[in-house]
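Participant: Residue numbers (this note's numbering): 107 to 310.
1) For residue 153, which residues in the same chain have their Cβ closer than 6 angstroms to its Cβ, ignoring the five residues on either side in sequence?
2) Which value, in whole angstroms, describes the spacing of the CA atoms of residue 118 and residue 230?
3) Is the Cβ-Cβ distance between residue 300 and residue 293 less than 8 angstroms?
4) Go ahead and label residue 243 buried or exposed: buried means 16 or more other beta carbons lie within 10 angstroms of its beta carbon, across all protein chains shown.
5) Threshold first: 4 residues or longer. Then list the alpha helix (DSSP H) segments lying entirely within the stretch 147-193, N to C.
6) Quick one: what does DSSP say residue 214 is sitting in, helix, strand or coil?
7) Provide the residue(s) that pair with residue 291 in DSSP beta bridges, ordered along the chain.
8) Express the C-alpha separation of residue 211 and residue 142 in angstroms, rounding to a whole number.
9) Are residue 307 and residue 246 touching if we call contact CB-CB under 8 angstroms?
10) Assign residue 116 to buried or exposed, taking buried as 16 or more other Cβ atoms, counted over all protein chains shown, within 10 Å of its Cβ.
11) According to DSSP, what are the bridge partners of residue 253?
12) With three or more beta-carbon pairs closer than 8 angstroms as the criterion, would you say the stretch 251-260 touches the stretch 198-211?
13) Look at the Cβ atom of residue 132, then the Cβ atom of residue 297, and state whether they are nearer than 8 angstroms.
14) From this set, 157, 196, 186, which residue's C-alpha is nearest residue 169's C-alpha?
15) Output the residue ranges of the alpha helix (DSSP H) runs that lie fully inside the stretch 216-251 and measure 4 residues or longer, sorted by chain position.
16) In the structure shown, what three-state DSSP assignment does residue 143 receive?
17) Pick out whichever of 147, 162, 174, 248 has its Cα sitting closest to the Cα of residue 289.
18) Between 185, 145, 223, which lies nearest to residue 159 when the distance is taken from Cα to Cα?
19) Under the rule that 16 or more other beta-carbon atoms within 10 Å means buried, what is residue 220, buried or exposed?
20) Go through its chain and collect everything with a Cβ distance to residue 136's Cβ below 7 angstroms, but skip five positions before and after it.
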């Protein structure tokens with residue numbers, strides 16, 4: 107636990123543009139963001155994108171049955187080391203070190219939990235990511251992701267000029283995707299900072 111936290115803080119300092127979180131997420135956020143993950147009688151495929159040091163990974167994995175599969179996609183190699191050690195006793199959890207846009211499995215997913223820091227990307231890259239999400243998910247599958255409650259409003263107030271224009275473009279892309287598929291939004295206050303969890307169902 108201590109090693110995970112130290113690695114997380116170290117990577118925030120070294121790569122602030124790659125690590126979008128300001129602190130490890132709480133277990134309460136993990137419980138809420140994985141709420142829709144259910145393992146019925148048939149095996150399911152689950153994907154976690156951008157897990158960092160794995161604040162949610164065990165919570166998700168503990169909901170699965172032995173024949174279910176959890177793919178964990180993390181770009182940061184230091185975080186991957188932590189994840190592989192943390193999940194070594196889970197034979198149906200597979201940790202992969204690459205960008206989600208380079209992950210092209212020959213099967214599709216029933217559930218996705220995404221912690222990607224969309225706010226550090228530009229709108230064109232976010233479009234690519236969201237299109238890829240659609241490509242790798244099954245019809246009627248679920249995507250859950252979170253965003254910090256106050257950050258978008260604060261950024262709109264503090265940014266100006268081209269930076270503000272680019273930020274507004276980015277959020278228009280996210281808003282369009284969310285409005286297309288969203289079924290509900292939950293608030294999690296026991297997290298630093300407090301966060302929204304957006305739950306989307308990809309229609310067939």
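The C-beta atom is built at its ideal place from N, Cα and C for all residues, glycine as well.
Facilitator: Looking at the coordinates:
1) Residue mapping note: residue 153 aligns to position 47 of the chain shown, counting from 1. If we look at residue 153 and ignore the five residues flanking it on each side, its Cβ neighbours are 177, 215, 218.
2) Stepping through the chain shown from its first residue, residue 118 is reached at position 12. Stepping through the chain shown from its first residue, residue 230 is reached at position 124. Residue confidence is low: residue 118 scores 40 on pLDDT, short of 50, so the model does not pin down where it sits. Its coordinate-derived value is still stated next. Cα-Cα distance, rounded: 24 angstroms.
3) Residue 300 sits at position 194 when you count from the first residue of the chain shown. Residue 293 sits at position 187 when you count from the first residue of the chain shown. Yes, these two residues count as a Cβ contact at 8 angstroms.
4) Indexing the chain shown from 1 puts residue 243 at position 137. Looking at its Cβ environment, which holds 16 or more other Cβ atoms inside 10 Å, residue 243 is buried.
5) 163-167, 183-192
6) For the purposes of this step, residue 214 is taken as residue 108 along the chain shown, with counting starting at 1. It is coil, neither helix nor strand.
7) Position 185 of the chain shown, counting from 1, holds the residue named residue 291. 304.
8) Mapped onto the chain shown, residue 142 falls at position 36. Mapped onto the chain shown, residue 211 falls at position 105. Distance between the alpha carbons of residue 142 and residue 211: 22 angstroms.
9) Walking along the chain shown from the start, residue 307 turns up at place 201. Walking along the chain shown from the start, residue 246 turns up at place 140. In contact: residue 307 and residue 246 (Cβ atoms closer than 8 angstroms).
10) Reading the chain shown from its first residue, position 10 is the one you call residue 116. Annotation note: pLDDT 47 at residue 116 (below 50); position unreliable, coordinate value reported separately. It counts as exposed.
11) Numbered from 1 along the chain shown, position 147 holds the residue referred to as residue 253. Note: residue 253 sits in a beta bridge opposite 302.
12) no
13) Here the question's residue 132 lines up with position 26 in the chain shown. Here the question's residue 297 lines up with position 191 in the chain shown. Yes, Cβ-Cβ distance for residue 132 and residue 297 is below 8 angstroms.
14) Stepping through the chain shown from its first residue, residue 169 is reached at position 63. Comparing Cα-Cα distances from residue 169 to each of 157, 196, 186, the minimum goes to 196.
15) 229-242
16) Counting from one through the chain shown, the residue named residue 143 turns up at place 37. If DSSP states are grouped into helix, strand and coil, residue 143 belongs with coil.
17) As a position in the chain shown, residue 289 is number 183, starting the count at 1. Checking every option, the nearest Cα to that of residue 289 belongs to 248.
18) For the purposes of this step, residue 159 is taken as residue 53 along the chain shown, with counting starting at 1. Of 185, 145, 223, the residue nearest in Cα terms is 185.
19) If you number the chain shown from 1, residue 220 lands on position 114. Result: buried.
20) In the chain shown, counting from the first residue as 1, residue 136 sits at position 30. Same-chain partners within the cutoff: 161, 162, 165.
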